[in-house]
Amino acid sequence: MEALIKQALLDHSQEIFEMDISEKMIQFQKTRKDVEGDLTLVVFPFGKVLKCSPVDAGEKIGAFLVEKIDALASYSVINGFLNFVISDQYWLGRLSDMDSQEKFGFQEANSKPTVMVEYSSPNTNKPLHLGHLRNIFLGYSVAEILKANGHKMVKTQIINDRGIHICKSMLAWERFSPVNDKGERETPENTGIKGDKLVGKYYVLFDKHFNTEANKIIQGWENADFSGYSEEISAEFERLNSSKAGKDEKAIAGLNEKIKDLAKNQTTILLDAKEMLILWEAKDPQVYLLWTTMNGWVYKGFEKTYDMMGVDFDTLYYESNTFLIGKDLVEDGLSSGVFFKKDDGSVWIDLTDDGLDEKLVLRSDGTAVYMTQDVGTAVDRFKDYPDLDGIIYTVGNEQDYHFRVLFLILQKLGYAWAKNCYHLSYGMVELRNSAGEVGKMKSREGTVVDADDLMDEVVGAARLMTQARGHIDGMSSEERDELFYKIGMGGLKYYLLKVDPRKGMAFNPEESIELNGNTGPFIQYAHARIKSLLAKGGELHNLRDVESISAEEKEILKHLNCFPEVIREAGEGHSPALLANYAFELVKLYNSFYQSVTVLKEEDATLRNMRLVLSSNVAKVIDLSLGLLGIKAPERM
RNA sequence: GGCCCUGUGGCGCAACUGAAUAGCGCACUGGAUUUCGGCUCCAGCGGUUACAGGUUUGAAUCCUGUCAGGGUCACCA
């Protein structure tokens, strides 16, 4: 309808205004609730150009359009706003139209360029936690939304499977794992512990021994025992230690932290881990075997977690493969002058002209850093997918700077596609306890929320609450489990996705399992209720001979009619939150309608059928929008 | 300190490609309904959109400054 009006105005601008008008002047908005009308044209811009009052301009335009366009029933002008009433028949036509489309609002699949969405991208040394949940649900949802917008999609992740942190777990396992009577160290098989959890356990254990040893060293230093340490180290310690005098608490804590780092670097356990990394890089068979074995455990564990989350990937990239590509690219860039080498052999890029700093891309010992690998991965991906248009990186906002640099480097290396790379940056998830205090998750303080535990918890909560309400008679226990899963996960996903991604959020366990208000289960319930209605309502017929619709019905139709536009906006803005809020709004409108009219008991068969068709399309759009959030809409609950 | 992000009723959020009296949920108060699935609906209470200027016919939205919170500025990832 907007397009129709816009065209009419442009085509007849001479007739109405006696001058040409620009498209930009034509601005629509939803009509306010307390004003009669279905669509509003803002007429301030016209008043300005026509040098008359906005009201006069509105009258002129309104009279012309109502005459010209059949579907416009009437108009009114209030202040600078021209409100149109659109005919009931127009809305009924829209209903027929959307009813005929199974995937109403979706663009034709694969009709747009290929896009890659990267999300999750874990380290292989510890299990996934709450922070990953926001990342994964967000990335998955954005990928689904872009698919709905017609893009060909490749879902991927970069698995951070190499580096010192992996060696720490490996070393701790080798050194500290108890040995059973068969002479085996702990494995997922012989302990029953999920693979990623087992490896994570040893990562924590490494840290514990690491700290103990470092503290012992500091104790020695404090007693002036520097035997075995170089003069530089003792001098550095003395410098740090003596500068504590007279400082405030915060400064002292900072200095202590520095002393601790100094000591940590002297621990034998870290030196051993570093040695292991060198062996790994040299592909030492024993270390390599240990590495593949332990990573294998982790992948199996992750697989289970992803399965529970209901997400998938098309292609996986491993840092252990791509960091070498990155190193080659740095060599190339060095000869082409994009990078430069410092005296110590380290390689840098100078981004001061772009308002950034110098950034390291290769260490002085020739080993790769994170940036090196990311450059390699990006180039590798475009090689693998020649029709790839761009990559979307779902990564937390603490890496905003990193991605600015990465995209700049890719641009300077001459890759035209660099401008199509986008950092889907999201805010941190912090924890809110029952007292309402917000705090960061810290593994050392045991305040990290494990992803598996959390999912089990919300599904368990859904079980309790749904059993208490009871609409599950006659369901098998498998069906019930499936239902509790859908409700629990639906609530959790909705909770994490309804907020604008770039904003930080505080996770409140109680709120995440709420069933009322702006929640996933509230929307799921409306869907189930409609499905029940439809099951009892019998066969649906084509709409015809419906004379008029009620205000509630019209409000729903107007909202349904926006769905395609919302999908488009959610894709453009990379924001699942738009769809979440859209679905919630739809449900509220429907509940209001449901309260005010009867459907099944309506005696007028035409009207009854129209309401059923309307309900059916509401259910469909709920199902589609929840689907784009990765949430299932149960038939019963 | 430089750069980036955020700041909306008690709490959680929406509107942030400028437009009418800033919407919604939770909580609280009152009411409807005992139903086609009440995990429902309606109403009330509650905000000079952190603060101060500026641009504009019009600012939560854009600009400048201040304040507060977070992030980042590693030969970590």
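Quick note, my numbering runs 4 ahead of the 1-based positions in the first sequence. By construction, the Cβ of each residue, glycine as well, lies at the ideal position given by its N, Cα and C atoms. None of these values were measured; they are calculated from a predicted model.
For residue i and residue j, I'd like the C-alpha separation in whole angstroms.
i      : j      : result
Asp38  : Thr160 : 48 Å
Tyr499 : Asn269 : 42 Å
Ala218 : Lys130 : 22 Å
Lys251 : Thr271 : 28 Å
Ile30  : Asn325 : 53 Å
Val183 : Tyr322 : 31 Å
Gly258 : Phe241 : 14 Å
Glu543 : Ser536 : 13 Å
Gly418 : Ser17  : 46 Å
Gly300 : Asp185 : 24 Å
Gly62  : Asp92  : 23 Å
Thr381 : Lys156 : 20 Å
Lys444 : Phe511 : 10 Å
Ala637 : Ala267 : 55 Å
Leu616 : Arg467 : 31 Å
Val342 : Tyr405 : 19 Å
Gly3   : Pro390 : Since the first residue shown for the chain is 5 and the last is 641, residue 3 is missing from the structure and cannot be characterised.
Gln11  : Leu43  : 16 Å
Glu639 : Glu518 : 20 Å
Asp393 : Lys345 : 32 Å
Glu335 : Ala420 : 20 Å
Tyr374 : Asn227 : 39 Å
Leu275 : Cys425 : 38 Å
Asn83  : Ile73  : 23 Å
Asp211 : Met298 : 18 Å
Ser516 : Pro505 : 17 Å
Gly232 : Ser246 : 21 Å
Ala574 : Leu54  : 36 Å
Phe108 : Val625 : 8 Å
Ile329 : Arg385 : 11 Å
Based on the DSSP output, what are the partners of residue i in its beta bridges?
i      : result
Asp454 : His133
Gly494 : The partner list for Gly494 (beta bridge, DSSP) is empty, contrary to what the question assumes.
Trp352 : Phe344 and Leu364
Val399 : Ser429
Lys156 : Thr118
Ala31  : In the sequence on display, residue 31 carries Gln and not Ala. According to DSSP, Gln31 bridges with Val46.
Phe567 : Beta-bridge pairing links Phe567 to no other residue.
Met509 : Val433
Leu275 : DSSP lists no partner for Leu275.
Using the Cβ count rule (16 or more neighbours within 10 Å means buried), how would you classify residue i?
i      : result
Ile527 : buried
Leu293 : exposed
Asp311 : exposed
Glu148 : buried
Ala277 : buried
Ala372 : buried
His545 : exposed
Thr319 : exposed
Leu414 : buried
Ile1   : The chain is shown from 5 up to 641; residue 1 falls before or after that span and cannot be answered.
Ala581 : buried
Pro289 : exposed
Looking at residue j and residue i, is the spacing between their C-beta atoms short of 8 Å?
i      : j      : result
Glu556 : Ser600 : yes
Gly66  : Val81  : yes
Thr376 : Val383 : no
Lys64  : Ile9   : no
Asn455 : Leu132 : Checking the displayed sequence, the identity of residue 455 turns out to be Ala instead of Asn. Yes, the Cβ-Cβ distance between Ala455 and Leu132 is below 8 Å.
Thr118 : Ile170 : no
Arg36  : Asn565 : no
Val3   : Ser620 : Only positions 5 to 641 of the chain appear in this structure, which leaves residue 3 out of reach.
Val462 : Leu435 : no
Ile396 : Val146 : yes
Can you give me the Cβ contacts of residue i inside the same chain, cut-off strictly under 6 Å, excluding the 5 residues immediately before and after it?
i      : result
Tyr144 : Val315 and Gly634
Lys198 : Gly305
Thr50  : Sequence inspection shows Phe at residue 50; the Thr mentioned does not correspond to that position. Counting only Cβ-Cβ distances below 6 Å, and skipping sequence neighbours, we find Ala61.
Within its chain, find whatever has a CB closer than 7 Å to the CB of residue i; leave out the 5 residues flanking it on each side and keep chain order.
i      : result
Ser368 : Asp348, Gly349 and Ser350
Arg189 : Trp177, Ser181 and Val183
Val70  : Leu76, Ser78 and Tyr79
Tyr529 : Met641
Met509 : Gly431, Val433 and Val503
Could you pull out every residue in the same chain whose Cβ sits closer than 8 Å to the Cβ of residue i, ignoring the five residues on either side in sequence?
i      : result
Gly400 : Gly135, Asn139, Ser429, Tyr430, Gly431 and Met432
Glu606 : Arg612 and Arg615
Ile553 : Asp92, Trp95, Leu96, Leu561 and Met614
Lys151 : Ala113 and Met157
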